[in-house]
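Beneath this line is the structure, given in structure tokens, with notes to follow.
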Amino acid sequence: MKASFWIGTALAALVAGGAVAQELKFAPGQDSKFNWKSYEDFKASHANLKGQNLTLFGPWRGEDEVLFNSVLAYFNAATGINGKYSSSENYEQQIVIDTQAGSPPNIAVIPQPGLLADLAAKGFLTSLGQENSDWVKTNYGSGEDWIKYGTYKGKDGKEAYFGFPFKADFKSMVWYVPENFEEAGYEVPKTMEDLIKLSDQIVKDGGVPWCIGLGSGGATGWPATDWVEDMMLRTQKPEVYDKWVSNEVKFNDPAVIGAIDEFGKFAKNPKYVSGGVAAVSSTDFRDSPKGLFGIPPKCYLHHQASFVPSFFPPGTKLGTDADFFYLPTYASKPELGTPVLGAGTMFAITKDSPAAKAFIEFLKTPIAHEVWMAQSSFLTPFKGANSNAYANDVMKKQGELLTTATTFRFDASDLMPGKIGAGAFWTGMVDYVGGKDAKTVGTDIQKAWDGLK
Amino acid sequence: MSAAASLRRIGLPRLVVHFSVLVICIVWLIPTLGILVTSFREAGQITASGWWTAFTGAAETSAARLGDPATAKQNGATYVISGSVFEGGKGGTVRAFGTRVAAPTEFAVGKAADLGDGETLTINEDGSYTYSKNAPFEGRGKRVYLSVATPPSFTTDNYRTVLTSQGIGQSFVNSLTVAVPATIIPILIAAFAAYALSWMEFPGRALIIALVVGLIVVPLQMSLIPLLKMYNEIGNFFGVPSRSYAGIWLAHSAFGMPLAIYLLRNYISGLPREIIESARVDGASDFEIFVKIILPLSFPALASFSIFQFLWTWNDLLVAMVFLGTGKDQLVLTGALNALLGSMGGKWEILTASAFITIVVPIIVFFALQRYLVRGLLAGSVKGG
């Protein structure tokens, strides 16, 4: 027993020793695609914080955690602050427990503005001030929209700016395999009408156009909410979308029911979906994209956010083996422009300190964005970051769509109250695909929402 | 003895019982077996086919990309790209190939296939290919489709990934540091309490027993925030960190205590009255009776409860995350393995391999104490009050 204890201790010491100094991924000053000046400037202006501690808590685990730590390493190296990031599978619950019990991290990274609004209302967040709000407005693509998602009512009932967006996800995308398109002679559709025509063409050629999978354990149904949100933006004005989020437009409003039925055009057409309609809600969203790469292909098109390449078969090269196109808009509704549905993570100060303020300043430097851009799964609407820093063309294309979008709207289900956006909306979508009609589903969700008040 | 005679000796009812037990055991073991097999397969295989197909070699259709046009060698008027379709991947035997996804097995191996436009492609059984054209190649490397027969293959990479990932050794030590004291402390306290509640006469005893039994039904999630709040206040008052091993030991002990007292009391109160009374007559104090008579006699119950408590603390994620923290140096094994799965989850190869790694310690504990388990549980359960 004693021997094994010492082995354990030695092992622990070994592991701990290896983790002390994290190397900087890209040597400062070397590659000109990075804005090293911003790094040096930041270093010079934050030299007085050496030795302070900073704790960050967020949703990223595994590979994403490694990626975020590579960004954090630059902050630590520049300031001498000891910044530590940690995460937990149930970070949404954990942050509530921690803030309520009085032992929060310095900075919380939360992808649901709805949750942040709750925390702000209870007085757990520190306002970032007008200066940061102005900065985001001028420096981010669709900056006005981004600030809206970071502004909440504080404990005193006054609106203030709390959430700093860093790292965005792009959702309005359809993935496909270029070679499958070439061999069958299909063109990337430019309008929604063409997309439907293409789907019909694929059916006529004996193929199946779509892979749709809503399965996600306890969160089953969420991929359908992205569909409905995208369809909402393609059939209704952005203002209607905003009212839908705040429930001024009810869930059983014709506008919402119309969007749900637009989704149904694809998901509830047995000829359109791989495995038939019954497979839609039972297929896991992580397994669903694999149908694109089947031989022969199980489907040709897949609607999913920018994170999905991590579930492509190992060795898939983006741009050659798989590519995406923007989920097109109806040619018959040109007034809606090119709306983009996205999501993002918000950085909020849950325990104020000079180091926490410095970290928010760090997020305003191009280098903080570029280091992650040059690796993977990161998009930024920050116009000051060099888009050549993106690791590949697919990411670059997504990033450009994000910065040039006429309308940016945040994932509605992340903005709605948790019981709806992470509950009734999900289960409602499963019911809808399972056979209920859009009106019944909309009424059911609205009932759940009314029950909250 | 003939088969019929031995069958008669065993008896039909017993045979049915044995058979049912066997069937239930097998049904229960199948998922475990599936996890074990899956943990030795590659990520690509896991998503492509079920674990039960792992032992038979499979003929699967896959895609490969031929060399980049830049690697073409000019040979007179023809340009040639050659290499192996298995480059960078695992080997196999090519059965057939094709260049269109609609007809992935159009051509036979070993023979030159005419692709039109002056292009010919030959792919041999071992994967080597020659791709030639009477003009320079353009665009990207050509995509070909192969029907490949692969022998069953297994890998230990998943285990290597899990075991060598950063911080896993530290988290293993953390888990032991949490689980061992969190098992011993509640047992010590509960054994004292159980003795007092069964053999010492004092007013309000029945009420205390009822209270303890009532506490079993309180879900621990309810007390997370108030408890952590209290820890933070105490920590602030004394100027010590609120998240510490002492804190989590106390939390685990408190959460495990009602069940521990209940189980042990049932057992201890079922011990023969005569032994304890004769010890009293001989002048033994309550403490002496407890240490010299009760503890040795109730070892089966103690062992069975310690298995329960150890398994619970070892497998726990929630309490550890809340009371110990989520930092790299505080993570317990369950937390560290969970982090390996990534933000989106779905990594079956990591999940299954880690399942078998975490299972090792509880299995050792279980086998070390299992002969007491059944005895302890039965003895406690028969006695009603």
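Each protein sequence line maps, in turn, to chains A and B. Heads up: the first sequence at position 187 corresponds to 187 in this note's numbering, and the numbers run straight through without jumps. Heads up: the second sequence at position 356 corresponds to 1356 in this note's numbering, and the numbers run straight through without jumps. In this text, a Cβ means the ideal position worked out from N, Cα and C, and glycines have one as well. All of these numbers come straight from a predicted model, not from anything done at the bench.
Given 8 Å, three or more beta-carbon pairs between the region 398 to 406 of chain A and the region 134 to 146 of chain A: yes
Whether isoleucine 360 (chain A) touches leucine 128 (chain A) by CB criterion (9 Å): yes
Beta-carbon gap between isoleucine 1030 (chain B) and threonine 1038 (chain B) smaller than 9 Å: no
7 Å CB neighbourhood of glycine 442 (chain A) in its chain, flanking five on each side removed: Phe251, Asn252, Val256, Ile257, Ile260
Runs of alpha helix (DSSP H) wholly within the region 99 to 156 of chain A (minimum 4 residues, chain order): 113 to 121, 129 to 139, 143 to 150
For lysine 197 (chain A), the three-state DSSP class (helix, strand or coil): helix
Assigned secondary structure, threonine 440 (chain A) (DSSP; H/G/I helix, E/B strand, else coil): helix
Isoleucine 349 (chain A): CB within 8 Å of a non-hydrogen atom of the ligand SAM: The ligand SAM is not part of the structure shown, which contains no ligands of any sort.
Chain-ordered residues of the region 56 to 85 of chain A with a beta carbon less than 8 Å from chain B: Phe57, Pro59, Trp60, Arg61, Gly62, Glu63, Asp64, Glu65, Lys84
Residues of the region 1325 to 1343 of chain B whose Cβ lies closer than 9 Å to any Cβ of chain A, in chain order: Gly1325, Thr1326, Gly1327, Lys1328, Asp1329, Gln1330, Leu1331, Gly1335, Asn1338, Ala1339, Leu1340, Leu1341, Gly1342, Ser1343
Close-in-space but distant-in-sequence residues of the same chain around aspartate 230 (chain A) (CB under 6 Å, 5 per side omitted): Ser172, Leu327, Leu341
Proximity of aspartate 169 (chain A) and alanine 279 (chain A) at Cβ, strictly below 9 Å: no
Spatial distance of serine 1082 (chain B) from alanine 385 (chain A) (CA atoms): 42 Å
Interface flag, lysine 290 (chain A) vs chain B, CB-CB below 9 Å: yes
Residue closest to phenylalanine 1386 (chain B), alpha-carbon to alpha-carbon, out of B:Asp1068, B:Pro1069, B:Leu1036, B:Leu1066: Summary: the structure shown does not reach residue 1386 (chain B), with chain B confined to residues 1001 through 1385, and so no result is reported for it.
Cut-off 7 Å between Cβ atoms - residues of its own chain near glycine 337 (chain A), not counting five sequence neighbours on either side: Thr406, Thr407
Straight-line gap, alanine 444 (chain A) to glycine 428 (chain A) (C-alpha atoms, nearest Å): Alanine is not the amino acid found at residue 444 (chain A); the sequence shown has aspartate there. Their Cα atoms are separated by approximately 7 Å.
Beta strand (DSSP E) segments (min. 3 residues) lying fully within the region 1056 to 1129 of chain B: 1058 to 1065, 1073 to 1075, 1078 to 1084, 1093 to 1098, 1113 to 1116, 1119 to 1123
Cutoff 9 Å: alanine 21 (chain A) Cβ touching any chain B Cβ: Per-residue confidence for alanine 21 (chain A) stands at a pLDDT of 47, beneath the threshold of 50, marking its modelled position as unreliable; the derived number appears in the next sentence. Chain B, which has no Cβ nearer than 9 Å to the Cβ of alanine 21 (chain A), makes this no.
DSSP-derived helix/strand/coil call for leucine 1264 (chain B): helix
Buried versus exposed call for glycine 1098 (chain B) [16 or more other C-beta atoms within 10 Å across all chains shown]: buried
Interface flag, tyrosine 1145 (chain B) vs chain A, CB-CB below 9 Å: yes
Own chain residues within Cβ distance below 6 Å of glycine 1034 (chain B), not counting five before or after: Trp1051
Neighbourhood of lysine 50 (chain A) by C-beta, 8 Å cutoff - its chain only, sequence neighbours within 5 removed: Thr79, Gly80, Ile81
Leucine 960 (chain B) burial status per 10 Å Cβ neighbour count (16 or more: buried): Nothing in the structure corresponds to residue 960 (chain B), since chain B is present only between 1001 and 1385.
Cutoff 7 Å; reference glycine 1057 (chain B); Cβ partners in own chain excluding five residues on either side: Ala1149, Thr1150, Pro1151, Pro1152
Contact check, tyrosine 1145 (chain B) vs threonine 1105 (chain B), beta carbons under 9 Å: yes
Expected contact under 8 Å - CB spacing of threonine 1122 (chain B) and alanine 1135 (chain B) to nearest Å: In fact, because the Cβ distance is near 18 Å, the residues do not count as touching under 8 Å.
Residue interval of the beta strand (DSSP E) (run including glycine 1144 (chain B)): It should be pointed out that residue 1144 (chain B) corresponds to valine in this sequence rather than to glycine. Its beta strand (DSSP E) spans residues 1143 to 1150.
For arginine 409 (chain A): DSSP bridge partner residues: A:Leu341
Per-residue DSSP class, three states only, for alanine 1004 (chain B): helix
C-alpha distance - glycine 319 (chain A) paired with asparagine 48 (chain A), whole-angstrom precision: 45 Å
Short CB-CB distance (under 9 Å) between threonine 1155 (chain B) and chain A: no
First and last residue of the uninterrupted beta strand (DSSP E) at asparagine 82 (chain A): 82 to 87
Sufficient close CB pairs (3 or more, under 8 Å) joining the region 1257 to 1273 of chain B to the region 1195 to 1203 of chain B: yes
Within 9 Å, strictly: CB atoms of arginine 1224 (chain B) and leucine 1373 (chain B): Here residue 1224 (chain B) turns out to be leucine, not arginine, going by the sequence shown. Contact: no.
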